[in-house]
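Protein chains: 2
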Amino acid sequence: RALARSEPVSTVEVEALLDLIKWDSSGLAVAIAQDVDTGAILMQGFVNRDAVSATIASKRATYFSRSRRSLWTKGETSSNFIDVVDVYLDCDRDSIIYLGKPDGPTCHTGADTCYFTRAADILQNKPLIGENGLATSTLYDLERVIQQRKSEPDGKKPSWTKRLLQDQKLLCSKIREEAGELCKTVEENEGRKRTVSEMADVLYHSMVLLAAQDVKMAEVMEVLRARFSQSGIEEKSSRGRSSS
Amino acid sequence: RALARSEPVSTVEVEALLDLIKWDSSGLAVAIAQDVDTGAILMQGFVNRDAVSATIASKRATYFSRSRRSLWTKGETSSNFIDVVDVYLDCDRDSIIYLGKPDGPTCHTGADTCYFTRAADILQNKPLIGENGLATSTLYDLERVIQQRKSEPDGKKPSWTKRLLQDQKLLCSKIREEAGELCKTVEENEGRKRTVSEMADVLYHSMVLLAAQDVKMAEVMEVLRARFSQSGIEEKSSRGRSSS
Ligand SMILES: [Zn+2]
Ligand SMILES: [Zn+2]
Ligand SMILES: [Zn+2]
Ligand SMILES: [Zn+2]
Ligand SMILES: [Zn+2]
Ligand SMILES: [Zn+2]
Ligand SMILES: [Zn+2]
Ligand SMILES: [Zn+2]
Ligand SMILES: [Zn+2]
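Heads up: the sequence lines are chains H and Z, in that order.
For the first sequence, my numbering begins at 22 and goes up steadily by one.
For the second sequence, my numbering begins at 22 and goes up steadily by one.
Structure, rendered in structure tokens:
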């Protein structure tokens, strides 16, 4: 038994929660681990009562292995735990989200998540591209596209993203310009459609700056979460206000 | 049989993909529908071979109902389909992500997603808050916090967010200031930690502007996806370059 395996607990409150879950004929439900900052689906497994109660008690994602017929805590051997921040049930209570922060890559292959095999690549007989093919949502797809431009070979005519990455003055003048254009959409009543488009410009250009600095959007999210989860937005911003 | 139910197909390529999936003893696998733009987990169900092939053929999320023992396409009665953009398998190929765009609320309760029941609220015997309690990642948590500030009653001392929402001049001057501070982190070599913090400031303040304009971050993501999925980033930005 792994030393780092979480232990189930039994309190009146936890048992009441477990009683609400709709277990299948084998006493199991589905549990999906999702990155609280990026929204990436990290992995999916099955849980029984003990797995859910151990997760709640330890705040580490814990599952029931159907093949080994035993509890296991993600990270019990790799030390890459998933630190669970929140647990959610779906409307008919047979499916669970473990919303958490991974300590490191979730997959035993070393990939950040287990979902890196694109059906379209299989259907088209394309070589599978491993971790580069992670299932991600739009913001993180964009981050990856920018990253790919960054590693474009020099020499050939650079893409616009690559030019921005190479020319800090150009990049910063674009960021200031786009922030101004975003503001103008309200100052000059240009309508919400323009706001959407200018916000997209602000995001794209500032994400190029993040890539230039080797900063991941996930780090920015982590800071935002720390700030507003303690009403910190207001506090930090009032400090900003008086100092500016 | 619902008219809007998707039909399975059988081609050599699809059968080869289906053969790769590790079906359980009942011939099923797990399929998670995830919003491609926000990363929100919309719902989870089970799939058999027909459900996956129907999804691939129709590009609409289709499942196998274990209770009714039949195929069903999400939206076949409500017309709120989930338009599937990409399908991913996990590392051991017994779990699937349908990455897609919902036509409307996914849950039969009218909630955007099925995951709106927080275990912590049950454990603490708090009243369940329904759709306001959706499981979301940091960016969309922040969006919700800003939205809550917006609906603060007038009269009492306003929060900083509320003040920004009420004072367009203050808000715009902050956005321009924060964009400048983000640029300064590279111009004056302040280090990547400062970049993370200033990017958080830029995001927070520009999201307050989005809230003022009743713009959802999901709309911005949709525009970004349309742009870069056709190498549109470069195109749009080069246009911006010559016009600016
Ligand atoms: Zn369910
Ligand atoms: Zn940890
Ligand atoms: Zn894996
Ligand atoms: Zn612009
Ligand atoms: Zn699996
Ligand atoms: Zn549709
Ligand atoms: Zn539902
Ligand atoms: Zn700042
Ligand atoms: Zn411009």
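Virtual Cβ for every residue (Gly too), placed ideally from N, Cα, C.
The structure presented is a predicted model; accordingly, all values stated were derived computationally and were not measured.
**Request:** Indicate whether at least one CB of chain Z lies closer than 8 angstroms to the CB of Thr98/H.
**Result:** With 8 angstroms as the cut-off, Thr98/H does not count as an interface residue toward chain Z.
**Item:** Proximal residues of chain Z, C-beta to C-beta of Gly201/H below 7 angstroms
**Value:** Here the neighbours are Arg197.
**Rounded Cβ spacing between Ala141/Z and Asp107/H (contact assumed at less than 8 angstroms)** = That pair is a contact at about 7 angstroms.
**Message:** To the nearest angstrom, how far is the alpha carbon of Glu255/H from that of Glu219/H?
**Reply:** Here the model assigns Glu255/H a pLDDT of 48, short of 50, so the residue's position is not dependable, and the following value carries that caveat. CA-to-CA, the gap between Glu255/H and Glu219/H works out to about 25 angstroms.
**Beta-carbon neighbours of Ile143/Z, restricted to chain H and to distances below 9 angstroms** = Within 9 angstroms Cβ-Cβ: Glu34, Ala37, Leu38, Leu41 and Leu110.
**Asked** Identify the residues that DSSP records as bridge partners of Lys122/H: which are they?
**Response** DSSP lists Asp104/H as partners of Lys122/H.
**Prompt:** What residue ranges within the segment 49 to 83 of chain H form continuous alpha helix (DSSP H) runs of no fewer than 4 residues, ordered along the chain?
**Reply:** Complete alpha helix (DSSP H) runs here, min 4: 70 to 79.
**Item:** Neighbourhood of Ile117/Z by C-beta distance below 8 angstroms, restricted to the same chain and skipping five residues each side
**Value:** Cβ-Cβ distances below 8 angstroms link Ile117/Z to Ile42, Ala50, Val51, Ala52, Ile53, Val68, Val73, Val108, Tyr109, Leu110 and Asp111 in the same chain, with the five nearest sequence neighbours on each side left out; the list follows chain order.
**Asked** When DSSP builds the beta bridges, which residues end up paired with Phe249/Z?
**Response** Partner(s): none; Phe249/Z has no beta bridge.
**Request:** Assign Ser194/H to one of three DSSP states: helix, strand, or coil.
**Result:** Helix.
**Request:** With DSSP collapsed to three states, give me the class of Ser88/H.
**Result:** It is coil, neither helix nor strand.
**Asked** Which of the three DSSP states, helix, strand or coil, is assigned to Leu155/Z?
**Response** In this structure, Leu155/Z counts as coil in the three-state DSSP scheme.
**Closer than 8 angstroms to chain H by CB, Thr240/Z** = Reading the sequence as shown, one finds Glu at residue 240/Z and not Thr. Contacts with chain H at 8 angstroms (Cβ-Cβ) include Glu240/Z.
**Prompt:** CA-CA distance, Val30/H and Ala75/H?
**Reply:** Rounded to whole angstroms, Val30/H and Ala75/H show a C-alpha spacing of 6 angstroms.
**Chain-ordered chain Z contacts of Ala61/H [CB-CB under 8 angstroms]** = Within 8 angstroms Cβ-Cβ: Gly60.
**Request:** For the segment 154 to 171 of chain Z and the segment 57 to 71 of chain H, state whether three or more C-beta atom pairs, one from each stretch, are separated by less than 8 angstroms.
**Result:** Pairwise C-beta distances place the segment 154 to 171 of chain Z in contact with the segment 57 to 71 of chain H, as three or more of them are shorter than 8 angstroms.
**Message:** Below 7 angstroms, is the gap between the Cβ of Cys135/Z and the nearest heavy atom of ligand 1?
**Reply:** Yes.
**Message:** Going by the DSSP bridge assignment, what does Arg139/Z pair with across the sheet?
**Reply:** Per DSSP, Tyr109/H.
**Request:** Return the bridge partner residues of Ile167/H from the DSSP annotation.
**Result:** Answer by DSSP bridge pairing: none, since Ile167/H is not bridged.
**Message:** Can you look up Glu256/H in the DSSP assignment and give me helix, strand or coil?
**Reply:** Bear in mind that the predicted position of Glu256/H carries a pLDDT of just 43, short of 50, making it too unreliable to give a figure here.
**Item:** Neighbourhood of Ser180/H by C-beta, 6 angstroms cutoff - its chain only, sequence neighbours within 5 removed
**Value:** The beta carbon of Ser180/H sits closer than 6 angstroms to the beta carbons of Arg170 from its chain, once the five residues preceding and following it are set aside; these are given in chain order.
**Request:** Would you tell me roughly how many angstroms separate the C-alpha atoms of Lys190/H and Glu173/H, rounded to the nearest one?
**Result:** Lys190/H and Glu173/H: Cα-Cα distance of roughly 20 angstroms.
**Asked** When burial is assigned at 16 or more other CB atoms within 10 Å of the CB, is Glu240/H buried or exposed?
**Response** Buried.
**Message:** Output needed for Leu92/Z: all residues of its chain with C-beta closer than 7 angstroms, excluding positions within five of it in sequence on either side, in chain order.
**Reply:** Result list for Leu92/Z: Arg26, Asp71, Ala72, Ala75, Thr83 and Phe85, in chain order.
**Message:** Could you check if Asp111/H belongs to the surroundings of ligand 7, using beta carbon to heavy atom distance under 7 angstroms?
**Reply:** Distances between the C-beta of Asp111/H and the heavy atoms of ligand 7 include at least one below 7 angstroms.
**Request:** Give the secondary structure of Trp44/H by DSSP, where H, G and I count as helix, E and B as strand, and everything else as coil.
**Result:** If DSSP states are grouped into helix, strand and coil, Trp44/H belongs with coil.
**Prompt:** Is Glu209/H near ligand 4, with its Cβ less than 7 angstroms from a heavy atom?
**Reply:** In this structure, Glu209/H has its CB at a distance of at least 7 angstroms from all heavy atoms of ligand 4.
**Asked** Taking buried to mean at least 16 other C-beta atoms within 10 Å of its own C-beta, is His226/H buried or exposed?
**Response** Label assigned to His226/H: buried.
**Asked** Going along the chain, which residues of its own chain have a beta-carbon closer than 8 angstroms to the beta-carbon of Leu281/H, five neighbours each way excluded?
**Response** Nothing in the structure corresponds to residue 281/H, since chain H is present only between 22 and 265.
**Message:** Can you check whether the C-beta of Leu120/H is within less than 8 angstroms of a C-beta belonging to chain Z?
**Reply:** Using a CB distance cut-off of 8 angstroms, Leu120/H counts as an interface residue toward chain Z.
**CA nearest to the CA of Ser47/Z, picked from Arg81/Z, Asp115/Z and Lys95/Z** = Nearest option by C-alpha distance: Asp115/Z.
**Message:** Just verifying my parser: in three-state terms, what is the DSSP assignment at Thr94/H?
**Reply:** Shown here, Thr94/H sits in a strand according to DSSP, grouped into three states.
**Asked** So with Cβ pairs under 8 angstroms, would you call Leu149/Z a contact of chain H?
**Response** For Leu149/Z, not one C-beta of chain H is nearer than 8 angstroms to its own C-beta.
**Message:** Taking the alpha helix (DSSP H) that Leu149/H belongs to, which residues open and close that run?
**Reply:** That residue, Leu149/H, is in no alpha helix (DSSP H); it is neither H nor E in DSSP.
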